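Just so we're aligned: the sequence shown equals residues 165 to 564 in the numbering used here.
Backbone N, C-alpha and C fix where the C-beta goes; we use that ideal spot for every residue, glycine too.
Note that this is a predicted model, so its numbers are computed, not measured.
For reference, the structure discussed in these notes is given below.
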Amino acid sequence: MTITDDAVVYYDPYDLDIAADPWPTFARLREEAPLYHNERYRFWAISRHTDVEKAIANWQTFSNSRSDILELVNSDFDMPKGVMMFEDPPVHTMLRGLMSRVFTPRRMAEIEDQIRRFCVNCLDPHVGSDGFDIVAELASMMPMRVIGMLLGIPESDQIAVRDANDANLRTKPGAPMKVAKADRIADGSIYADYVEWRSRNPSDDLMTALLTMEFDDENGVTRKLDRKEILHYTQVVAGAGNETTGRLIGWLAKVLAEHPDQRRQVYQDRSLLTRTVDETLRFEPTGPHLARYAVKDFQMYGTTVPAGSAILLLVGAANRDPRRYTDPELFDIHRDSISHLAFGKGVHYCLGANLARLEGRVALDELLNRWPEWGIDYDSAVPAPTSTVRGWERLRIVLP
(Lines of atoms letter the chains of each structure in order from A; the text may use other names.)
(Lines give C-alpha, C1' and ligand atoms only; values in the text may rest on other atoms or scores of the structure.)
Protein backbone atom coordinates (compact mmCIF):
# COMPACT_ATOMS: atom_id res chain seq x y z
CA MET A 165 0.00 0.00 0.00
CA THR A 166 1.73 3.16 -1.18
CA ILE A 167 0.60 6.62 -2.09
CA THR A 168 2.09 9.45 -4.12
CA ASP A 169 1.98 13.24 -4.31
CA ASP A 170 -1.24 13.48 -6.32
CA ALA A 171 -3.25 11.25 -3.98
CA VAL A 172 -5.44 12.33 -1.10
CA VAL A 173 -2.89 12.34 1.71
CA TYR A 174 0.26 14.43 1.33
CA TYR A 175 3.31 14.61 3.58
CA ASP A 176 6.03 17.22 3.17
CA PRO A 177 8.61 17.72 5.96
CA TYR A 178 9.09 21.33 4.84
CA ASP A 179 5.40 22.32 4.83
CA LEU A 180 4.92 24.83 7.65
CA ASP A 181 1.26 23.97 8.22
CA ILE A 182 2.04 20.27 8.54
CA ALA A 183 5.02 20.98 10.82
CA ALA A 184 2.85 23.10 13.10
CA ASP A 185 0.45 20.20 13.64
CA PRO A 186 1.76 17.00 12.03
CA TRP A 187 -0.43 14.59 13.97
CA PRO A 188 -3.47 14.41 11.65
CA THR A 189 -1.15 13.83 8.68
CA PHE A 190 0.84 11.21 10.58
CA ALA A 191 -2.38 9.42 11.54
CA ARG A 192 -3.54 9.32 7.92
CA LEU A 193 -0.15 8.08 6.74
CA ARG A 194 -0.24 5.22 9.25
CA GLU A 195 -3.70 4.17 8.08
CA GLU A 196 -3.74 5.04 4.39
CA ALA A 197 -0.09 5.00 3.32
CA PRO A 198 2.23 3.21 5.77
CA LEU A 199 4.76 3.27 2.93
CA TYR A 200 4.53 6.70 1.34
CA HIS A 201 6.39 8.15 -1.64
CA ASN A 202 7.04 11.86 -2.18
CA GLU A 203 8.35 12.38 -5.71
CA ARG A 204 9.02 16.10 -5.36
CA TYR A 205 11.52 15.71 -2.53
CA ARG A 206 12.61 12.19 -3.49
CA PHE A 207 11.95 10.18 -0.37
CA TRP A 208 9.91 7.26 0.93
CA ALA A 209 8.36 7.50 4.41
CA ILE A 210 7.56 4.76 6.92
CA SER A 211 5.16 5.63 9.72
CA ARG A 212 3.93 2.61 11.70
CA HIS A 213 5.73 1.87 14.96
CA THR A 214 6.61 -1.73 14.18
CA ASP A 215 8.00 -0.80 10.74
CA VAL A 216 9.96 2.21 12.02
CA GLU A 217 11.38 0.24 14.94
CA LYS A 218 12.55 -2.59 12.68
CA ALA A 219 14.01 -0.20 10.11
CA ILE A 220 15.99 1.77 12.71
CA ALA A 221 17.55 -1.47 13.94
CA ASN A 222 18.23 -2.81 10.41
CA TRP A 223 21.32 -0.83 9.43
CA GLN A 224 22.20 -3.48 6.84
CA THR A 225 19.31 -2.17 4.69
CA PHE A 226 18.54 1.26 6.16
CA SER A 227 22.02 2.70 6.30
CA ASN A 228 23.31 5.70 8.22
CA SER A 229 26.24 6.00 5.81
CA ARG A 230 24.80 9.17 4.26
CA SER A 231 23.76 10.61 7.65
CA ASP A 232 20.30 10.88 9.20
CA ILE A 233 19.43 14.17 7.43
CA LEU A 234 17.28 13.95 4.28
CA GLU A 235 19.07 16.73 2.42
CA LEU A 236 22.43 15.00 2.89
CA VAL A 237 21.08 11.59 1.92
CA ASN A 238 19.76 13.09 -1.32
CA SER A 239 22.83 15.22 -2.02
CA ASP A 240 25.46 14.41 -4.65
CA PHE A 241 28.33 14.74 -2.19
CA ASP A 242 30.43 11.93 -0.80
CA MET A 243 30.11 11.74 2.97
CA PRO A 244 33.27 12.42 5.00
CA LYS A 245 34.96 9.32 6.39
CA GLY A 246 35.50 8.73 10.07
CA VAL A 247 32.44 10.66 11.27
CA MET A 248 30.23 8.61 13.59
CA MET A 249 26.98 10.04 12.23
CA PHE A 250 28.03 8.99 8.69
CA GLU A 251 29.08 5.43 9.45
CA ASP A 252 27.60 1.97 9.99
CA PRO A 253 29.31 -1.01 11.67
CA PRO A 254 32.09 -1.99 11.89
CA VAL A 255 33.59 1.52 11.70
CA HIS A 256 30.64 2.99 13.62
CA THR A 257 31.14 0.41 16.39
CA MET A 258 34.75 1.47 16.82
CA LEU A 259 33.94 5.20 16.78
CA ARG A 260 31.02 4.81 19.18
CA GLY A 261 33.15 2.74 21.53
CA LEU A 262 35.60 5.63 21.78
CA MET A 263 32.88 8.13 22.56
CA SER A 264 31.33 5.90 25.22
CA ARG A 265 34.69 6.01 27.01
CA VAL A 266 34.31 9.76 27.51
CA PHE A 267 30.51 9.85 28.04
CA THR A 268 30.87 7.87 31.26
CA PRO A 269 28.29 7.61 34.08
CA ARG A 270 30.84 9.26 36.39
CA ARG A 271 31.19 12.26 34.13
CA MET A 272 27.41 12.57 33.80
CA ALA A 273 26.97 12.43 37.59
CA GLU A 274 29.67 15.03 38.12
CA ILE A 275 28.06 17.48 35.74
CA GLU A 276 24.57 17.37 37.29
CA ASP A 277 25.49 19.87 40.03
CA GLN A 278 26.93 22.22 37.41
CA ILE A 279 23.75 21.93 35.31
CA ARG A 280 21.63 22.71 38.34
CA ARG A 281 23.70 25.76 39.28
CA PHE A 282 23.35 27.08 35.75
CA CYS A 283 19.55 26.60 35.84
CA VAL A 284 19.38 28.43 39.16
CA ASN A 285 21.35 31.36 37.74
CA CYS A 286 19.07 31.50 34.67
CA LEU A 287 15.76 31.27 36.51
CA ASP A 288 16.29 33.18 39.75
CA PRO A 289 16.28 36.63 38.06
CA HIS A 290 12.71 35.96 36.86
CA VAL A 291 11.24 35.19 40.26
CA GLY A 292 8.55 37.82 40.87
CA SER A 293 8.16 38.64 37.16
CA ASP A 294 5.06 38.07 35.05
CA GLY A 295 6.87 35.72 32.67
CA PHE A 296 9.85 35.22 30.37
CA ASP A 297 10.94 33.54 27.15
CA ILE A 298 12.07 30.11 28.30
CA VAL A 299 13.91 29.50 25.02
CA ALA A 300 16.02 32.66 25.19
CA GLU A 301 16.59 32.51 28.93
CA LEU A 302 17.17 28.78 29.42
CA ALA A 303 16.50 26.33 26.58
CA SER A 304 18.90 27.87 24.05
CA MET A 305 21.55 28.54 26.68
CA MET A 306 21.71 25.48 28.93
CA PRO A 307 22.65 22.80 26.35
CA MET A 308 25.41 25.10 25.07
CA ARG A 309 26.74 25.53 28.60
CA VAL A 310 26.58 21.79 29.28
CA ILE A 311 28.47 20.89 26.12
CA GLY A 312 30.93 23.67 26.99
CA MET A 313 31.38 22.15 30.43
CA LEU A 314 32.02 18.72 28.94
CA LEU A 315 34.44 19.94 26.30
CA GLY A 316 36.06 22.55 28.54
CA ILE A 317 35.23 25.42 26.15
CA PRO A 318 35.52 28.80 27.92
CA GLU A 319 32.19 30.50 28.59
CA SER A 320 33.28 33.52 26.57
CA ASP A 321 33.40 31.37 23.42
CA GLN A 322 30.30 29.23 23.96
CA ILE A 323 27.67 31.51 22.43
CA ALA A 324 29.67 31.92 19.21
CA VAL A 325 30.12 28.15 19.03
CA ARG A 326 26.40 27.53 19.55
CA ASP A 327 25.40 30.05 16.89
CA ALA A 328 27.81 28.54 14.37
CA ASN A 329 26.41 25.06 15.04
CA ASP A 330 22.82 26.26 14.76
CA ALA A 331 23.57 28.00 11.45
CA ASN A 332 24.59 24.66 9.95
CA LEU A 333 21.13 23.22 10.59
CA ARG A 334 18.90 26.23 9.98
CA THR A 335 16.68 26.43 6.94
CA LYS A 336 14.47 29.03 5.37
CA PRO A 337 10.89 28.37 6.47
CA GLY A 338 9.24 25.92 4.06
CA ALA A 339 12.46 25.06 2.22
CA PRO A 340 15.02 22.24 2.37
CA MET A 341 18.38 22.85 3.99
CA LYS A 342 20.95 23.93 1.39
CA VAL A 343 23.96 21.64 1.33
CA ALA A 344 26.95 23.41 -0.14
CA LYS A 345 29.43 20.84 1.11
CA ALA A 346 28.57 17.71 3.03
CA ASP A 347 31.56 17.62 5.37
CA ARG A 348 30.80 21.15 6.54
CA ILE A 349 28.12 19.63 8.75
CA ALA A 350 30.78 17.82 10.76
CA ASP A 351 34.15 19.37 9.92
CA GLY A 352 34.54 21.00 13.34
CA SER A 353 36.78 23.75 11.99
CA ILE A 354 35.32 26.28 14.43
CA TYR A 355 37.01 24.29 17.20
CA ALA A 356 40.47 24.07 15.62
CA ASP A 357 42.12 26.84 17.64
CA TYR A 358 40.57 25.59 20.85
CA VAL A 359 41.76 22.01 20.24
CA GLU A 360 45.30 23.24 19.71
CA TRP A 361 45.14 25.30 22.89
CA ARG A 362 43.73 22.40 24.91
CA SER A 363 46.46 20.08 23.59
CA ARG A 364 48.96 22.39 25.33
CA ASN A 365 46.75 22.92 28.38
CA PRO A 366 45.20 19.55 29.33
CA SER A 367 42.39 19.40 31.85
CA ASP A 368 39.78 16.97 33.18
CA ASP A 369 37.34 17.34 30.30
CA LEU A 370 36.05 15.49 27.27
CA MET A 371 38.39 17.30 24.90
CA THR A 372 41.48 16.25 26.82
CA ALA A 373 40.19 12.68 26.87
CA LEU A 374 39.77 12.76 23.09
CA LEU A 375 43.30 14.14 22.68
CA THR A 376 45.01 11.60 24.92
CA MET A 377 43.20 8.27 24.75
CA GLU A 378 44.62 5.38 22.71
CA PHE A 379 42.59 2.81 20.80
CA ASP A 380 42.88 0.06 18.21
CA ASP A 381 41.52 1.31 14.89
CA GLU A 382 39.77 -0.71 12.17
CA ASN A 383 43.18 -1.77 10.82
CA GLY A 384 44.34 -3.07 14.19
CA VAL A 385 46.75 -0.17 14.71
CA THR A 386 47.04 1.23 18.26
CA ARG A 387 47.00 5.00 17.99
CA LYS A 388 45.43 8.28 19.11
CA LEU A 389 42.84 10.31 17.24
CA ASP A 390 44.30 12.74 14.75
CA ARG A 391 43.23 16.40 14.72
CA LYS A 392 40.67 15.96 11.94
CA GLU A 393 39.02 13.07 13.78
CA ILE A 394 38.87 15.07 17.00
CA LEU A 395 37.24 17.98 15.18
CA HIS A 396 34.66 15.59 13.70
CA TYR A 397 33.83 14.18 17.14
CA THR A 398 33.57 17.62 18.69
CA GLN A 399 31.26 18.93 15.97
CA VAL A 400 28.91 15.96 16.24
CA VAL A 401 28.70 16.18 20.04
CA ALA A 402 28.22 19.95 20.12
CA GLY A 403 25.74 20.13 17.25
CA ALA A 404 23.49 17.33 18.44
CA GLY A 405 23.62 18.40 22.06
CA ASN A 406 22.63 22.00 21.37
CA GLU A 407 19.67 21.59 19.03
CA THR A 408 17.75 18.61 20.36
CA THR A 409 18.05 19.22 24.10
CA GLY A 410 17.11 22.88 23.79
CA ARG A 411 13.93 21.93 21.94
CA LEU A 412 13.09 19.35 24.63
CA ILE A 413 13.09 22.02 27.36
CA GLY A 414 10.70 24.16 25.34
CA TRP A 415 8.33 21.23 24.83
CA LEU A 416 8.41 20.38 28.55
CA ALA A 417 7.27 23.91 29.37
CA LYS A 418 4.52 23.94 26.73
CA VAL A 419 3.14 20.43 27.27
CA LEU A 420 2.99 20.82 31.05
CA ALA A 421 1.32 24.21 30.73
CA GLU A 422 -1.38 22.43 28.72
CA HIS A 423 -1.67 19.57 31.23
CA PRO A 424 -1.82 21.39 34.57
CA ASP A 425 -3.15 18.43 36.57
CA GLN A 426 -0.14 16.30 35.63
CA ARG A 427 2.21 19.24 36.17
CA ARG A 428 0.86 19.56 39.72
CA GLN A 429 1.43 15.85 40.28
CA VAL A 430 5.06 16.23 39.25
CA TYR A 431 5.36 19.28 41.49
CA GLN A 432 4.19 17.16 44.43
CA ASP A 433 6.17 14.03 43.50
CA ARG A 434 9.54 14.64 41.86
CA SER A 435 10.07 10.92 41.30
CA LEU A 436 7.85 11.51 38.25
CA LEU A 437 10.37 13.84 36.59
CA THR A 438 12.11 11.23 34.43
CA ARG A 439 8.79 9.70 33.34
CA THR A 440 7.60 13.17 32.41
CA VAL A 441 10.68 13.80 30.26
CA ASP A 442 10.21 10.51 28.43
CA GLU A 443 6.48 10.95 27.90
CA THR A 444 7.20 14.42 26.49
CA LEU A 445 9.75 12.89 24.10
CA ARG A 446 7.12 10.36 23.00
CA PHE A 447 4.37 12.96 22.70
CA GLU A 448 6.42 15.77 21.10
CA PRO A 449 9.72 14.30 19.88
CA THR A 450 12.31 16.97 19.09
CA GLY A 451 13.27 15.08 15.94
CA PRO A 452 10.07 14.09 14.04
CA HIS A 453 11.94 11.87 11.62
CA LEU A 454 15.25 10.13 10.90
CA ALA A 455 16.59 9.76 7.38
CA ARG A 456 18.26 6.64 6.06
CA TYR A 457 19.79 5.49 2.77
CA ALA A 458 18.53 2.20 1.30
CA VAL A 459 21.65 0.23 0.40
CA LYS A 460 19.60 -2.53 -1.22
CA ASP A 461 16.09 -3.10 -2.51
CA PHE A 462 13.45 -3.87 0.10
CA GLN A 463 9.80 -4.81 -0.04
CA MET A 464 7.03 -3.35 2.10
CA TYR A 465 3.26 -3.40 1.66
CA GLY A 466 3.54 -4.98 -1.77
CA THR A 467 5.96 -2.40 -3.14
CA THR A 468 9.65 -2.76 -3.92
CA VAL A 469 11.68 0.27 -2.89
CA PRO A 470 14.88 0.45 -4.94
CA ALA A 471 18.39 0.66 -3.55
CA GLY A 472 19.66 4.23 -3.45
CA SER A 473 16.38 5.64 -2.15
CA ALA A 474 16.13 8.11 0.71
CA ILE A 475 13.92 6.86 3.52
CA LEU A 476 12.29 8.95 6.23
CA LEU A 477 11.52 7.00 9.39
CA LEU A 478 8.69 9.02 10.92
CA VAL A 479 9.49 8.75 14.60
CA GLY A 480 6.75 11.21 15.46
CA ALA A 481 4.13 9.07 13.74
CA ALA A 482 5.47 5.87 15.31
CA ASN A 483 5.40 7.41 18.79
CA ARG A 484 1.63 7.92 18.48
CA ASP A 485 0.73 4.65 16.77
CA PRO A 486 -2.41 3.15 18.39
CA ARG A 487 -1.10 -0.30 17.43
CA ARG A 488 1.66 0.26 19.98
CA TYR A 489 0.18 2.63 22.59
CA THR A 490 -3.15 2.89 24.39
CA ASP A 491 -4.68 6.33 23.79
CA PRO A 492 -1.51 7.58 22.06
CA GLU A 493 -2.90 11.06 21.43
CA LEU A 494 -3.15 11.63 25.19
CA PHE A 495 -0.22 12.93 27.22
CA ASP A 496 -0.02 10.58 30.20
CA ILE A 497 3.00 10.41 32.50
CA HIS A 498 1.44 7.35 34.18
CA ARG A 499 1.07 5.18 31.07
CA ASP A 500 2.29 1.59 31.45
CA SER A 501 5.05 1.92 28.87
CA ILE A 502 6.68 5.24 28.02
CA SER A 503 9.25 3.65 25.74
CA HIS A 504 9.64 5.66 22.54
CA LEU A 505 11.79 5.99 19.44
CA ALA A 506 12.85 9.62 19.92
CA PHE A 507 16.44 8.53 20.60
CA GLY A 508 16.48 5.84 17.92
CA LYS A 509 17.27 2.21 18.60
CA GLY A 510 20.01 -0.36 18.12
CA VAL A 511 23.54 0.51 17.05
CA HIS A 512 22.60 4.12 16.29
CA TYR A 513 20.79 4.74 19.58
CA CYS A 514 21.56 8.31 20.65
CA LEU A 515 24.76 8.33 22.67
CA GLY A 516 23.66 11.51 24.42
CA ALA A 517 20.24 10.20 25.47
CA ASN A 518 21.08 10.07 29.17
CA LEU A 519 22.59 13.55 29.05
CA ALA A 520 19.45 14.92 27.36
CA ARG A 521 17.27 13.25 29.99
CA LEU A 522 19.46 14.71 32.73
CA GLU A 523 19.22 18.24 31.34
CA GLY A 524 15.47 17.98 30.86
CA ARG A 525 14.94 16.56 34.35
CA VAL A 526 17.03 19.22 36.09
CA ALA A 527 15.50 22.07 34.08
CA LEU A 528 11.95 20.94 34.89
CA ASP A 529 12.85 20.35 38.54
CA GLU A 530 14.17 23.90 38.91
CA LEU A 531 11.18 25.39 37.06
CA LEU A 532 8.83 23.64 39.48
CA ASN A 533 10.93 24.75 42.46
CA ARG A 534 10.00 28.33 41.60
CA TRP A 535 6.68 28.13 39.77
CA PRO A 536 4.16 25.33 40.32
CA GLU A 537 1.86 27.15 37.88
CA TRP A 538 2.47 28.73 34.46
CA GLY A 539 0.81 29.29 31.12
CA ILE A 540 1.93 30.02 27.55
CA ASP A 541 1.70 33.25 25.55
CA TYR A 542 0.63 31.69 22.26
CA ASP A 543 0.45 35.01 20.43
CA SER A 544 4.20 35.53 20.70
CA ALA A 545 5.28 31.89 20.21
CA VAL A 546 7.50 31.29 17.16
CA PRO A 547 8.47 27.82 15.84
CA ALA A 548 12.10 27.10 15.05
CA PRO A 549 13.01 27.24 11.33
CA THR A 550 14.68 23.87 10.81
CA SER A 551 13.72 20.80 8.81
CA THR A 552 15.52 18.37 11.11
CA VAL A 553 14.37 19.39 14.59
CA ARG A 554 10.91 20.48 15.73
CA GLY A 555 10.58 23.00 18.52
CA TRP A 556 10.35 26.67 19.44
CA GLU A 557 12.39 29.72 18.58
CA ARG A 558 10.46 31.84 21.09
CA LEU A 559 8.15 30.56 23.81
CA ARG A 560 7.12 32.92 26.57
CA ILE A 561 5.78 31.33 29.73
CA VAL A 562 3.25 33.41 31.66
CA LEU A 563 3.55 33.42 35.45
CA PRO A 564 0.72 34.07 37.90
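Over what stretch of residues does the beta strand (DSSP E) that includes residue i continue unbroken?
i    : result
H201 : 199-202
R558 : 556-558
E443 : Here E443 belongs to no beta strand (DSSP E); instead the alpha helix (DSSP H) covers 437-447.
I210 : 207-210
I'd like to confirm the pairing. Which residues does DSSP put opposite residue i in its beta bridges?
i    : result
T467 : M464
G414 : Beta-bridge pairing links G414 to no other residue.
P547 : W556
R387 : F379
L477 : I210, L454
I220 : I220 pairs with nothing; no bridge assigned.
F296 : I561
G539 : V562
F495 : According to DSSP, which records beta bridges pairwise, F495 is partnered with nothing at all.
F226 : A458
Once the 5 residues before and after residue i are set aside, which same chain residues still bring their CB inside 6 Å of it?
i    : result
V546 : E557, R558
P366 : T372
R488 : H213
R427 : L420
N314 : Note that residue 314 is Leu in the sequence shown, not Asn. Around L314: L370.
S304 : G410
What span of residues does the alpha helix (DSSP H) with residue i cover, start to end?
i    : result
D181 : 180-184
F190 : 187-196
R309 : 306-315
T257 : 255-264
I275 : 269-287
A506 : Taken as a continuous stretch (DSSP letters only), A506 belongs to no alpha helix (DSSP H), as it is neither H nor E.
D109 : Outside the shown range of the chain (165 to 564) lies residue 109, about which nothing can therefore be said.
V459 : Neither: V459 is in no alpha helix (DSSP H) and is coded neither H nor E.
A356 : 356-364
Identify, in the order they occur along the chain, each residue of the same chain with its Cβ nearer than 8 Å to the Cβ of residue i, setting aside the five sequence neighbours on each side.
i    : result
H512 : I220, W223, N228, D232, H256
M276 : Before going on, a small fix: residue 276 reads as Glu here, not Met. Result list for E276: L522, V526, in chain order.
R434 : D529, L532
E217 : A482, L505, K509
P254 : E382
Return no unless some Cβ of chain C is closer than 8 Å to the Cβ of residue i.
i    : result
Y513 : This model lacks chain C altogether, as it is built from one protein chain only.
To the nearest angstrom, how far is the alpha carbon of residue i from that of residue j?
i    : j    : result
L531 : E422 : 15 Å
D294 : G539 : 11 Å
M377 : W208 : 41 Å
Y355 : Q399 : 8 Å
V385 : F379 : 8 Å
A273 : Y175 : 41 Å
W415 : V430 : 16 Å
V299 : G316 : 23 Å
I561 : W535 : 11 Å
P449 : F507 : 9 Å
V553 : Y178 : 11 Å
L199 : F226 : 14 Å
G480 : H504 : 9 Å
R362 : G352 : 15 Å
R387 : D381 : 7 Å
N383 : R270 : 30 Å
A455 : R439 : 27 Å
E251 : G292 : 50 Å
A548 : F495 : 22 Å
H498 : V401 : 32 Å
L436 : D425 : 13 Å
Can you give me the Cβ contacts of residue i inside the same chain, cut-off strictly under 7 Å, excluding the 5 residues immediately before and after it?
i    : result
R484 : W187, F190, P492, E493
M165 : Reliability fails at M165, whose pLDDT of 47 lies under 50, so the model's placement of it is uncertain and no value is given.
**Prompt:** So does the stretch 388-400 actually touch the stretch 452-463, counting three or more Cβ pairs closer than 8 Å?
**Reply:** no
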